[in-house]
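A.B. asks: Please read through the structure below; I'll follow up with questions.
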Amino acid sequence: MLNMFTCVHLPYQKLVRRSLIVLSSALVLVQFNVSAAPSEAETQFIDEVLECASYYQISSETIAGMNAPQMKPVGEKLKISSVQALSLAQKYQTKDLVEARFAKVEEQQRASLPKNNNLGQLMGKYKDRCKTLLAEPQKRLDYWIMATM
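In terms of our numbering, the sequence shown is numbered consecutively and its last residue is 182.
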């Protein structure tokens, strides 16, 4: 039976086979390790998601620090929303990059708070927007896809 190695001298058959196996393995590794950078639309979307994650995190921590037992369920719900937003961002970007960008956004939002940590300004900007974004993330991503065409 003829195969691709029939015309190759016997001593080179093993070398050719090994080379093909190594080359095939390398191509498979490259294919699985390369992840495309997010598009401009995804980058804008990720930024919004991280703003929401930060808003939820800061709000949760502030409420937890109020020592108001009746607010504990609200703080816990906000913490869950922060985790959901971070998980959503990681669908479009690596965990390390999400964490780094999240830290910067959180720092900026904390710096914008008044000295008494009143959440009014953050709530006014993010409460409804973030609720909608987490409820229908694809709709917001679709917006960014259209806006960046």
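Just so you know, even glycine gets a beta-carbon here, dropped at the ideal spot from N, CA and C.
From Arg143 to Ser114, what does the alpha carbon distance come to, in whole angstroms?
C.D. replies: By one-based count along the sequence shown, residue 143 stands at place 110. By one-based count along the sequence shown, residue 114 stands at place 81. Cα-Cα distance, rounded: 18 Å.
A.B. asks: Going by DSSP in three states, Lys160 sits in which element: helix, strand or coil?
C.D. replies: As a position in the sequence shown, residue 160 is number 127, starting the count at 1. Residue state, collapsed to three classes: helix.
A.B. asks: Using the rule of at least 16 other Cβ atoms within 10 Å of the residue's Cβ for burial, across every protein chain shown, is Ala101 buried or exposed?
C.D. replies: Position 68 of the sequence shown, counting from 1, holds the residue named residue 101. The residue in question, Ala101, is exposed, as its Cβ has fewer than 16 Cβ neighbours within 10 Å.
A.B. asks: Give a yes or no on contact between the region 119 to 126 and the region 139 to 154, applying the rule of three or more CB pairs nearer than 8 Å.
C.D. replies: No: the two stretches stay apart, fewer than three of their Cβ pairs being nearer than 8 Å.
A.B. asks: Should Glu169 go down as buried or exposed, given a rule of 16 or more other Cβ atoms within 10 Å for buried?
C.D. replies: Stepping through the sequence shown from its first residue, residue 169 is reached at position 136. Glu169 should be labelled exposed.
A.B. asks: When you compare each of Ala74, Met99, Tyr88, Pro71 to Arg162 by their alpha carbons, which one comes out closest?
C.D. replies: Here residue 162 refers to the residue found at position 129 of the sequence shown. Closest option to Arg162, Cα to Cα, is Tyr88.
A.B. asks: Taking only the alpha-carbon atoms, compute the straight-line gap between Thr181 and Asp175 and give it to the nearest angstrom.
C.D. replies: Locating residue 181 in the sequence shown gives position 148, counting from the first residue. Locating residue 175 in the sequence shown gives position 142, counting from the first residue. Their backbone Cα atoms lie some 10 Å apart in a straight line.
A.B. asks: Could you check if Glu84 is buried or exposed, using at least 16 other CB atoms within 10 Å of its CB as the buried criterion?
C.D. replies: The residue labelled residue 84 in the question sits at position 51 within the sequence shown. Burial call: buried.
A.B. asks: Excluding the 5 residues preceding and the 5 following Pro71 in the sequence, name in chain order all residues of the same chain whose CB lies nearer than 7 Å to its CB.
C.D. replies: Here residue 71 refers to the residue found at position 38 of the sequence shown. Cβ within range, chain order: Ile79, Tyr125, Gln126.
A.B. asks: Can you say whether Ala136 is buried or exposed, counting buried as having 16 or more other CB atoms within 10 angstroms of its CB?
C.D. replies: By one-based count along the sequence shown, residue 136 stands at place 103. Exposed.
A.B. asks: Tell me the rounded alpha-carbon separation between Leu60 and Leu111.
C.D. replies: Reading the sequence shown from its first residue, position 27 is the one you call residue 60. Reading the sequence shown from its first residue, position 78 is the one you call residue 111. Caution is warranted here: a pLDDT of 42 is assigned to Leu60, below 50, making its placement in the model unreliable, and the coordinate value is therefore given only provisionally. If I take the Cα positions, the gap works out to 44 Å.
A.B. asks: Between Lys105, Lys164, Met179, which has its C-alpha nearest Ala86's C-alpha?
C.D. replies: For this step, residue 86 is matched to residue 53 along the sequence shown. Answer by Cα proximity: Lys164.
A.B. asks: From this set, Ala69, Met104, Ala118, Met99, which residue's C-alpha is nearest Leu167's C-alpha?
C.D. replies: Stepping through the sequence shown from its first residue, residue 167 is reached at position 134. Closest by alpha carbon: Ala118.
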